[in-house]
Amino acid sequence: GVVASVVRRSLGIYRQILQGMIALYAAVAEAERLGLAVSDAEVRHRIVNLPGFQVNGQFIGEARYRQTLQLQRPPMTPAQFEEEVRRDIMFERLEAAVTGWIAVSDDEVADEHRRRNERVRVQVVAFRGDDYFDEVEATDDEVAALYEEEPLAYEVPEKRQLRFLLVDESAIFESLTPAEEEVQQYYDANIVQYTTPGQVRASQILLRIGDQDEAEVEARAAELAAEARGGADFAALALEHSQDEATAENGGDLGLFGRGRMVAEVEAAAFEMDVDAVSDPIRSAIGFHVLRVTEKQEETSQPLEEVREAIENTLKNERATARADALARAIAAEVETPEDLERAAGSRGFELQESGFVGRGEPILGLGFAPQVSAEAFQMEQGEVAGPIQTPTGPAFVTVVEFQEPAIPPLDEVREDVARDVRRRKALERAREAAEGAAGSLQGAEDFEAAAETAGLTVGTSELVARGAAFPEVGASAAVERAAFELPVGGVSGLLEAGGDTLAVVRLVEREDVTPEQLAEGGDAIRGELLQSRRNEFYSAYMGRVQEQLGVDIDYAAFDIAVGG
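Here my numbering = 1-based position in the sequence shown + 1381.
Right under this line is the structure:
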């Protein structure tokens, strides 16, 4: 019944969860053994810099931070989230401690750069079985012999006819209309998503204190402020007097900035000032600042009407999913047999749908491409019901109406297919005979193209291509690619199995190697990729050994019984 089906499917999920918990335990134990710790300050720094907690590069503040955590599914407290962040940082440090010694040499970078970016130009002569297909025939004896020799090649795979109940989330979605108060509540709770924080643009003159007398520096700053208020050009004053190397040449312009971006004293003053106002000297840890505010952008929020449709769709999606899940759980509680499924559908106004016969992994009529349904359906026994299984359109319950076992059809039903295969084999042999006869002359020829033309063969010449490209006459071919990048310039390959019913001979015309300039330009990125890949591989093996040393022994049979109830 449905219970057996659900348990069978869920055991694999439970095993994955268990293995993840063991890996987590092993990582924590190893981090503690190595004495790795993460301070509260480090956790805080990571959180305030997470993009999800920033708007225009600024931390959203404690209230909105807590509010955002409460909107998670499931809701989280700051303590819970901060513990997760602490653990993530600790795991990053563990990986760095374990793999930090791993390096990638310059030669390895150059080899990989060459493998990715080296290009070749080749000439290809192909010998295709298809070219000889019309020249050969298949006798009745040959057809019968191939059918007897390889009957499984003509086997019709198992197919199953399904009956299913679909809880269609889209239909539920269309039936919903959120109440006005719900829309307003969502808007109020998520106002941060629709708000652009206020920003200020200001210019500054900075006088550093250093070893100077603080009072003298402050007095000089006051003089400059007075000059600016008296009509002096602020940008010219900044260019001449400001000791902030980053902004002095631009007339002291700090650009637009929001809260949390500037020195606290400067920020506080800037947000309080009016446009075109010049401040008194402002003391900070680095000196005295004189500010002139040139632009202010007040905090703005999109009106509810501008985002109403998006909010309504979000609410409808959430509610449709919740209703579909609740309905699926209620149906699951009632269903053990196909008859139960029919009653459950009828009592709720649903119609059971049928798919027709489908093979494993094929699209299902009424569900489309639903790999989980297909996988479950091909594990089921007669009389079982599987579900709820999530599909792109909602939860589904499935039963198998009829089984069509795999079978080898009689020869008369597949005679055309077998005859076609006989002819393909004979055509390939013709192509091979022609190729073997021509390959020797092509290899020994001083003029490859002339020799090919004399033999009535077509030569395809490629552009300069890198690995992974398609080649003329043969398309993508591992054998042709391997020869192309291994041959010396002017060299000609032997006869190659180019894939499918195609044979080929290849001549390397030109090789374009990686230049030192290209290597310098892309080397750092390649080094980073190689390094990360190598470290990931080593870390995975290292943590595998850690788990072994912890001596965790899992009795999967007992575990399956426990979680299966």
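C-beta atoms are modelled at their ideal positions from N, C-alpha and C, and glycine is treated no differently.
For residue 1904, the enclosing alpha helix (DSSP H) starts and ends at 1897-1931. By DSSP's assignment, residue 1428 forms no beta bridge with any residue. In the same chain as residue 1637, and ignoring 5 residues on each side of it, the C-beta atoms closer than 6 Å to its own belong to 1580, 1582, in chain order. For the options 1818, 1810, 1411, 1712, the alpha carbon positioned closest to that of residue 1766 is the one of 1712. Judged by DSSP in its simplified three-state form, residue 1405 adopts helix.
In the same chain as residue 1705, and ignoring 5 residues on each side of it, the C-beta atoms closer than 7 Å to its own belong to 1548, 1550, 1553, 1775, 1776, in chain order. According to DSSP, residue pairing for residue 1670 in a beta bridge involves 1587, 1663. The Cβ-Cβ distance between residue 1407 and residue 1928 falls below 7 Å. In the structure shown, residue 1727 adopts helical secondary structure according to DSSP, grouped into three states. 7 Å or more divides the Cβ of residue 1855 from the Cβ of residue 1874. Under the DSSP assignment, residue 1545 falls in the beta strand (DSSP E) whose first and last residues are 1540-1547. About 4 Å separates the beta carbon of residue 1584 from that of residue 1633, a gap short enough to meet the 8 Å contact definition.
In this structure, residue 1868 places its C-beta atom within 7 Å of the C-beta atom of residue 1889.
When the beta-carbon positions are compared, residue 1517 and residue 1807 come within less than 7 Å of each other. Leaving aside the five residues that flank residue 1860 on each side, the residues in its chain whose CB is nearer than 8 Å to its CB run, in chain order, 1877, 1878, 1879, 1880, 1885. In the same chain as residue 1457, and ignoring 5 residues on each side of it, the C-beta atoms closer than 6 Å to its own belong to 1450, in chain order. Taking the Cβ atoms as the reference, residue 1744 lies roughly 5 Å from residue 1750, within the contact range of under 8 Å. Going by beta carbons, residue 1542 and residue 1783 fall inside the 7 Å limit. For residue 1700, the CB contacts under 7 Å within the same chain, skipping 5 residues up- and downstream, are 1557 in chain order. With fewer than 16 neighbouring CB atoms inside 10 Å of its own CB, residue 1593 falls in the exposed class. Under the DSSP assignment, residue 1776 falls in the beta strand (DSSP E) whose first and last residues are 1775-1785. Counting other Cβ atoms within 10 Å of its Cβ, residue 1791 stays below 16 and is therefore classed as exposed.
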